[in-house]
Amino acid sequence: MPIDLITGKGGFPVKIVTAKELGQYLKLSESTIYKLAGNGEIPAFRLGDSWRFDMEEIMDVLRNAKNKPTGPGKKEKQGKP
């Protein structure tokens with residue numbers, strides 16, 4: 003019996019990856035991926051003893067992070083007006 007394909011937003015197939023695969027994709031160490039997942043900075047879920055990552059959710063986080071201002075322009079001025 004064939005397995006039904008799991009689909010996400012827009013009916014596209016869901017791609018689930020391991021921490022190692024995500025690290026290779028993002029050019030980050032596997033330990034950094036685990037740290038980001040543990041801190042809740044990237045979406046993840048446990049499957050047995052290992053972490054798994056939905057690439058669609060990861061890409062959403064990256065898109066949102068790309069649109070947020072960072073750097074010197076984001077700092078608030080301190081002191082008297």
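First residue of the sequence shown? That's 3 in this note's numbering, and the numbers climb one at a time after it. All C-beta atoms in this analysis are idealised placements derived from N, C-alpha and C, irrespective of residue type, glycine included. These numbers come from a predicted model, not from an experiment.
query, result
"Please classify G42 as buried or exposed, where buried requires at least 16 neighbouring CB atoms within 10 angstroms.", "exposed"
"Is V19 closer than 7 Å to M61 when the C-beta atoms are compared?", "no"
"Name the two residues that bound the continuous beta strand (DSSP E) containing S52.", "52 to 56"
"Distance, Cα to Cα, L28 vs D51?", "22 Å"
"Here's a check: name, in chain order, each residue in its chain whose Cβ is nearer than 7 Å to the Cβ of W53, leaving out the five neighbours to either side.", "A21, Y36, A39, A46"
"With 16 other CB atoms within 10 Å as the buried threshold, where does I5 fall?", "Below a pLDDT of 50, predicted positions are generally treated as unreliable, and I5, at 49, falls in that range; the measurement from the model is reported next regardless. So I5 counts as exposed."
"Under DSSP, the alpha helix (DSSP H) around L24 begins and ends at which residues?", "21 to 28"
"Does DSSP put I60 in a helix, in a strand, or in coil?", "helix"
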